[in-house]
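Chemist: According to my numbering, the stretch in the sequence shown is residues 312 to 709, in order.
The structure that follows is given in the form of structure tokens.
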Amino acid sequence: MKGLFNRSNRGGIVLLGVILLLVEFVRGAVAASFIPIYGEKMLGLSLDIVGTAITAHFLTDTALKMVIGWLLDRFSTRTIVHAGLLVSLAGVALMQVADVPWLFILSAALFGIGISPIWIVCLMKVTEDKRATQMGLLYTIWFIGIGSGPIVCNLLLDHAPAAAGRLIALVTALSWGLSLFISNRRERMIETIPLTRQVALLREKLSRMRALLPGMILQTAGAGMLLPVLPAFAEKELSVSSSTYSLILLAAGGLTVLGLMPMGRLSDRVGHKRAFLSAGFCTFSALLLVLSTAPPFWECLLIAGALGISYSAVLPAWNALLASYLPQSHQGLGWGIFSTLEGIGIMIGPAAGGIIASLGTEADVVWTSAVLFGLIGLFYLLYPLRPAEPAGRVSAGK
């Protein structure tokens, strides 16, 4: 334990990793389970309100990431993370009693504000000499946290909904307390670029990466559409409880984690990133279409596992493709643009999914998401991808 809290221990990466694990556990529990299930069943809110609340969470999370560098250049890491997690704690506490739509949406937005800084801070602590190892550790922590959160939350919501809320608040409070042990020194960001130069660079990068825009926005929008409706879809269309739904999530998440490394190595060996993307997205689309027909439970487990494998094929190839479009001289700016564009999709997706479900059924949302992924797969199968400038291997931010 002593080493965990040693501020000189590789810049505090271990401590930050523990905080990241707790934060992502809560994020997964809140976005994928607590908001859609507790909001609809316990607070009596409609699915369009639930979807808007999830969108509000990702909106504030994404928007704040755009100014995190500015804040960290003027205040210490401990101050930013500690203050942010206090806001998150207020958000999850308010969420459990916010039976008025605007208050529920506000609580989700507050939660998004608070958890935004920790991932950026973790990326800043990664050292060049051990970048691959440390980035692999951060992604593993992210997957474990965001995957286990909904599973645990679903089990509690099925038997003791109030206990699920208390657990989320407790874990958030624990991460807030641990943030007191973060080093109090300021972080120095890269040298500020004049605004006119930033605008010119932004226009140039957007022009070069226009072939990536459909994938950036539509894939996160398609995935985001599913967040507010999947629990209700599982209950109404698949006739499974929250606990059984957790098994489906476990099958998808587990095979995603198991498939990431072998699929990444296979993608590097084969070298055809476009083929991996097209095959992965089209397979994902086909599996969602089958799932929208409400097959038996055992088939749902197989489909969930296949979805996980498909995602594990897409993620390494997608990150490698993004990296190939980054010029060596402005990688930081490029990743910032990528993160913002992908954030647009995850912001609009949950609200769109909630609206579609309110106007139709949850199965309509799954079908619409499947169509989006199919269109992305066809686009990258037919559209030539030509990176504008070679770039070295770098690790993407979340």
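Using N, Cα and C, we set each Cβ at its ideal position, and we do this for glycine too.
These figures come from a predicted structure and were not determined experimentally.
Can you tell me whether Val-378 is buried or exposed? The criterion is at least 16 other CB atoms within 10 Å of its CB, across all chains shown.
Modeler: It is exposed - the Cβ of Val-378 has fewer than 16 other Cβ atoms within 10 Å.
Chemist: Report the residue ranges of all alpha helix (DSSP H) runs contained in full by the region 382-414; include only those spanning at least 4 residues, in chain order.
Modeler: Complete alpha helix (DSSP H) runs here, min 4: 388-406.
Chemist: Which of the three DSSP states, helix, strand or coil, is assigned to Asn-495?
Modeler: Asn-495 falls in the coil class under three-state DSSP.
Chemist: In the structure shown, what three-state DSSP assignment does Ser-680 receive?
Modeler: Helix at Ser-680.
Chemist: In three-state terms, what does DSSP make of Val-540?
Modeler: Coil, per DSSP.
Chemist: Determine the direct distance from the alpha carbon of Leu-414 to that of Gly-535, and round the result to whole angstroms.
Modeler: Cα to Cα, the separation comes out at about 22 Å.
Chemist: Answer yes or no: do Trp-342 and Ile-365 have a C-beta to C-beta separation smaller than 8 Å?
Modeler: With the sequence shown as reference, residue 342 is identified as Ala, and Trp is not the correct amino acid for it. Yes, the pair counts as a contact, with Cβ atoms nearer than the cut-off.
Chemist: Taking Ser-603 as part of the alpha helix (DSSP H), name the residues at either end of that continuous run.
Modeler: Looking at the DSSP string, Ser-603 is not in any alpha helix (DSSP H), and its letter there is neither H nor E.
Chemist: Suppose contacts are defined by Cβ-Cβ distances below 8 Å. Is Met-658 in contact with Ser-623 by that definition?
Modeler: No, the Cβ-Cβ distance between Met-658 and Ser-623 is not below 8 Å.
Chemist: How long is the line joining the alpha carbons of Thr-451 and Val-568, rounded to whole angstroms?
Modeler: Their backbone Cα atoms lie some 8 Å apart in a straight line.
Chemist: Can you tell me where the alpha helix (DSSP H) holding Phe-369 begins and where it ends?
Modeler: First-last of the alpha helix (DSSP H) with Phe-369: 358-376.
Chemist: Going by other Cβ atoms of all chains shown within 10 Å of its Cβ, with 16 needed for buried, is Arg-389 buried or exposed?
Modeler: Arg-389 is buried by the Cβ-count criterion.
Chemist: Would you mind sorting Gly-671 into buried or exposed? The rule is 16 or more other CB atoms within 10 Å of its CB.
Modeler: Gly-671 comes out exposed.
Chemist: Spatial neighbours of Glu-562 within its chain, please: CB distance less than 6 Å, with the 5 preceding and 5 following residues excluded, ordered by chain position.
Modeler: Contrary to the premise, residue 562 reads as Ala rather than Glu in this sequence. Answer for Ala-562: Leu-612, Ala-615, Gly-616, listed in chain order.
Chemist: Looking at the unbroken alpha helix (DSSP H) that takes in Ser-550, where does it start and where does it end?
Modeler: Ser-550 -> no alpha helix (DSSP H), and no H or E assigned at all.
Chemist: Beta carbon of Gly-526, beta carbon of Cys-593: below 8 Å?
Modeler: Not in contact: Gly-526 and Cys-593 (Cβ atoms no closer than 8 Å).
Chemist: With the cut-off set at 8 Å, would you say Glu-673 and Lys-547 are in Cβ contact?
Modeler: Yes, they are a contact pair.
Chemist: Determine the extent of the alpha helix (DSSP H) in which Phe-723 is found, giving its start and end residues.
Modeler: Since the displayed the chain opens at 312 and closes at 709, residue 723 lies outside it and no answer follows.
Chemist: Leu-538 and Gly-664 - do their beta-carbons sit closer together than 8 Å?
Modeler: In this structure, Leu-538 lies closer than 8 Å to Gly-664 by Cβ.
Chemist: Compare the C-alpha of Ser-399 against each of Arg-521, Gly-619, Arg-338 and name the closest.
Modeler: With distances taken between Cα atoms, Ser-399 lies closest to Arg-338.
Chemist: What's the C-alpha gap between Ala-668 and Val-677?
Modeler: The straight-line gap from Cα to Cα measures roughly 10 Å.
Chemist: Have a look at Gly-362, Gly-328, Ile-493, Ile-559 and flag the residue whose alpha-carbon is nearest the alpha-carbon of Gly-619.
Modeler: Closest option to Gly-619, Cα to Cα, is Ile-559.
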